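Notes follow once the structure below has been shown.
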Amino acid sequence: MKKLAFLLFSFVFVATSYGQITKQGHTNQNKFRQLKQELPTPNLERTASGAPGKEYTQQKVDYTMDIILDDEKTRITGAETITYHNNSKDNLTYLWVQLDQNMRAKDSKTPDISPNSIPNKLSKSRFDKNYVEEAFDGGFNIMSVTNMDGSKLSYTINQTMMRINLPNPLASGATFKFNIGWWYNINNHREDGGRSGYEHFPEDGNNNYVIAQFYPRMCAYDNVEGWQNDQFWGRSEFALEFGDFTVNITVPEDHMLGATGVLQNPKDVFSKKELKRREEASKSFSEPVIIRTQEEAEKIEKSKATKTKTWKFVAENVRDYAFATSRKFIFDAMAVNINGKTVMAESLYSKEANPLYGDHSTRAVAQTLKTYSKYTFDYPYHKAISVDGQMGMEYPQICFNPGRPDLEDGGYSDRVKYRMVKVTIHEVGHNFFPMIVNSDERQWTWMDEGLNSYMEMLAELDYDKDFPIVRGYPKNIVKYMAGDQSKIAPIMSKGDNVYEFGNNAYGKPATALWILRETIMGKELFDHAFKTYSQRWMFKRPSPADFFRTMEDASGIDLDWFWRGWFYTTDVTDIGIKSVKKYSTKEVDDSVEFVEDASEGLGFASNQNKYHYEITYEKPGGLVMPIIVEFTYKDGSKEKKTYPAQIWRYTDDEVTKVFSSTKQIASIMIDPDLETADVDTSNNSFPRQDASKFDQFKEKIKQ
13 MKKLAFLLFS FVFVATSYGQ ITKQGHTNQN KFRQLKQELP TPNLERTASG
63 APGKEYTQQK VDYTMDIILD DEKTRITGAE TITYHNNSKD NLTYLWVQLD
113 QNMRAKDSKT PDISPNSIPN KLSKSRFDKN YVEEAFDGGF NIMSVTNMDG
163 SKLSYTINQT MMRINLPNPL ASGATFKFNI GWWYNINNHR EDGGRSGYEH
213 FPEDGNNNYV IAQFYPRMCA YDNVEGWQND QFWGRSEFAL EFGDFTVNIT
263 VPEDHMLGAT GVLQNPKDVF SKKELKRREE ASKSFSEPVI IRTQEEAEKI
313 EKSKATKTKT WKFVAENVRD YAFATSRKFI FDAMAVNING KTVMAESLYS
363 KEANPLYGDH STRAVAQTLK TYSKYTFDYP YHKAISVDGQ MGMEYPQICF
413 NPGRPDLEDG GYSDRVKYRM VKVTIHEVGH NFFPMIVNSD ERQWTWMDEG
463 LNSYMEMLAE LDYDKDFPIV RGYPKNIVKY MAGDQSKIAP IMSKGDNVYE
513 FGNNAYGKPA TALWILRETI MGKELFDHAF KTYSQRWMFK RPSPADFFRT
563 MEDASGIDLD WFWRGWFYTT DVTDIGIKSV KKYSTKEVDD SVEFVEDASE
613 GLGFASNQNK YHYEITYEKP GGLVMPIIVE FTYKDGSKEK KTYPAQIWRY
663 TDDEVTKVFS STKQIASIMI DPDLETADVD TSNNSFPRQD ASKFDQFKEK
713 IKQ
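Residue numbers 13 to 715, in our numbering, belong to the letters of the sequence shown in order.
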């Protein structure tokens, strides 16, 4: 009997801890329970408040590189020295290096992980790409891996990863230095795809190079994942360590080049005229100064230099390195004032991208730096470059963006303009997330793409108050969230493993943050918490728990219910009006009686001082959200009432509230401004709207 009593007690305890038994016998899963089970236990490295602890550590990796770009062979050759600082508390018996270019090696497994079938018909260009006789060989050719004395160092290559087998364990606090020599064939990213490569212009025989993931680079090591040595399949991006770079890049003499880092030898690579214009740009805060003009670039691109020149850069405290180079590049720049510090906004682009790039690129860079600095931290680097790269990809201080005029007269449509500005803001914004707030992109794509997409919205609206926002508004995510659940994954999913990557990693988390700011927390509390997170974790590596905890810690709001619903499930918002009852009152002796009014509509036959409405709200959707109600009175005036999400803490199906007013109500509408991503608005009004009015409401959602 004692055992039976104990079992019954255990069952009741579990039921009340993780859910409540409703009167109907169904289990209420208690969506307001804390995230204790989902989040890791705080420790001295990562605290319960979401801040780095007093024993937080991270590795440091320094690179010295000599890079040669062969324009004729479209090949890169490199010699690098890596200095690895083991700041962890662990002794390391081996190191892991990323070889991202091996994704394009002849024996790459990347093409093998995606299913395909034979179509009925293909364009000739698509057929040539998909059914080539011999695949492009773009993988790394590792020439040597050596100790500093020149002796060979043992290593093992596993697809896109290389393990360095240390001769002796690397102790905590110790440093290991070694060399890698390598080369690879550069891919044509316009024909073969990829995050970097070259674009060929057959009319003049030149190439625009946008070069990244071009050197063997160290994997990240921390107390959350250990070695982040997941294979690179092409989608989920990178986990990297901060360090200092000394890089020498040798290219044809007539090339214009931009790269991560501070240029050390401007007099060797710029003409006197360009140096003067560059100096003028550093003092121009209102508009860009053209440093190499289109006319000059067109003249240069007509002939190819046979000599080379070397651009020398030093970059401190960056997590990666990239560069772009071409004899076709026009170059413009302007100064940006970031709280008294001058930062350069720059653009490199070919004539094919003008006048679109000339009109908007550098200005968009400048606006991004201003807006992001306002809401996070002052941009700490000396420059940010946007490059005409016909893709969207980001690296410290430099990014590659699309944008070519689309009209016959050489001009551009609003559609092309806004897309170019949007992508530029987004990619420049990545300087903040994850190039400074250094989250693990391979594991948690939303921590850079989602947060950055939210910040992008603010910068776009600063750039143009009528900017056509594509992602982030709650109404824009409804179609995705209401879609086929078998093709939808929680936000807390690895990017490689989701169907609709854009909506999952960019759109939905951006929407979640927008709703937090605009509807749940309010601008002041949200902005303070978001800035606190950004500043706590700049130049460090946060985890999802660090973000969730900091947002609550700095705002004083328990958001566990929100994180669980929006980030850990694929539930949807659907809140409706189930019923409305009207009551009048009459005094009987020393008491007041409520008398239900059964007349049609929301008005009353009797004339009273106050009207009372008993409204039952239903929640067919799984997401917990506030109930936002707009009452329209018979005199045409409106009143809005918001019930916090906690109104659902005792029930997950329906809840009844009394609303009293001195004025008669004509109609009631839930979520009139489409703030909550409600997937079914047919139950949002009372009385039910007729078909024509409901169609108008649906059109409002689409706009």
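Positions of the beta carbon are idealized from the N, C-alpha and C atoms, including for glycine. Computed from a predicted structure; not experimentally measured.
Taking the alpha-carbon of residue 452 as reference, which of 528, 426, 232, 285 has the nearest alpha-carbon? 232
Counting only runs that start and end within the stretch 224-291, where is the beta strand (DSSP E) found for 3 or more residues in a row? Within the stretch 224-291, the runs of beta strand (DSSP E) at least 3 residues long that lie entirely inside it are, in chain order, 232-234, 238-240, 255-264, 268-271.
Scan the stretch 633-704 and note each continuous beta strand (DSSP E) run of 3 residues or more that stays entirely inside, going in chain order. 639-645, 650-655, 666-673, 677-682
DSSP state of residue 565, grouped into three classes? DSSP, reduced to helix, strand and coil, places residue 565 within a helical segment of the structure shown.
How long is the line joining the alpha carbons of residue 37 and residue 662, rounded to whole angstroms? Note on residue 37: pLDDT 42, under 50, position unreliable in the model; no value is reported.
Identity of the residue in 313, 311, 292, 104 nearest residue 303 by Cα: Residue 303 has its Cα closest to that of 292, out of 313, 311, 292, 104.
So what's residue 170 in DSSP terms, helix, strand or just coil? strand
Run the CB neighbour count on residue 163, radius 10 Å, all protein chains shown included, and call it buried at 16 or more, exposed below. exposed
According to DSSP, residue 64 sits in a beta bridge with which residue or residues? 58
In chain order, what residues of the same chain have a beta carbon less than 6 Å from the beta carbon of residue 154, not counting five sequence neighbours either side? 194
Between the C-alpha atoms of residue 59 and residue 65, what's the straight-line distance to the nearest angstrom? 5 Å
Given a threshold of 16 other Cβ atoms within 10 Å of its Cβ, counted over all protein chains shown, does residue 107 qualify as buried or as exposed? buried
Helix, strand or coil: how does DSSP classify residue 394 here? coil
Flag this pair as yes or no: are the beta carbons of residue 224 and residue 208 separated by less than 9 Å? Taking 9 Å as the Cβ cut-off, residue 224 and residue 208 qualify as a contacting pair.
Among 343, 260, 67, which residue has its Cα nearest to the Cα of residue 287? 343
Just reading off the alpha helix (DSSP H) that residue 372 is part of, what are its end residues? 368-387
Among 462, 152, 507, nearest to residue 118 - alpha-carbon criterion: 152
Can you tell me whether residue 104 is buried or exposed? The criterion is at least 16 other CB atoms within 10 Å of its CB, across all chains shown. buried
DSSP three-state assignment for residue 524, whether helix, strand or coil: helix
Neighbourhood of residue 538 by C-beta, 6 Å cutoff - its chain only, sequence neighbours within 5 removed: 528, 529
Which residue or residues does DSSP assign as beta-bridge partners of residue 422? None; residue 422 has no bridge partner.
Nearest to residue 243 (by Cα), restricted to the options 109, 369, 339: Nearest of 109, 369, 339 to residue 243, Cα basis: 109.
Residue closest to residue 278, alpha-carbon to alpha-carbon, out of 51, 322, 147, 605: Residue 322 is the option with its Cα nearest to residue 278.
Quick check: what's the CA-CA separation for residue 20 versus residue 42? Low confidence applies here, because residue 20 scores a pLDDT of 39, under 50, leaving its location unreliable; read the following figure in that light. One C-alpha to the other measures close to 21 Å.
In the DSSP assignment, find the beta strand (DSSP E) that holds residue 323 and state where it starts and stops. Membership of residue 323 in the beta strand (DSSP E) is indicated by the continuous run 320-330.
Could you check the C-alpha separation between residue 389 and residue 48 for me, to the nearest Å? 30 Å
Skipping 5 residues on each side, what residues in its chain have a beta carbon closer than 8 Å to that of residue 670? 624, 625, 626, 627
How would you label residue 500, buried or exposed, when you count the other beta carbons within 10 angstroms and need 16 or more for buried? buried
Hey, residue 415 and residue 368: beta-carbon distance below 9 Å or not? yes
Is the beta carbon of residue 403 closer than 9 Å to that of residue 267? no
Own chain partners of residue 57 with C-beta closer than 8 Å, once the 5 adjacent residues on each side are dropped: 64, 65, 67, 68, 69, 235
Contacts around residue 541, its chain only, beta-carbon distance under 6 Å, and the 5 residues preceding and following it disregarded: 563, 566, 567
Could you pull the start and end residues of the alpha helix (DSSP H) that residue 543 belongs to? In the DSSP assignment, residue 543 falls within the unbroken alpha helix (DSSP H) covering 535-548.
Below 8 Å CB to CB, which residues in the same chain sit around residue 435 once its five sequence neighbours on both sides are set aside? Only 404, 413, 414, 415 meet the Cβ criterion.
Closer than 8 Å is the cut-off here; do at least three beta carbon pairs connect the stretch 325-335 with the stretch 350-365? no
What did DSSP end up calling residue 306 once you bin it into helix, strand or coil? DSSP places residue 306 in helix when its eight states are reduced to three.
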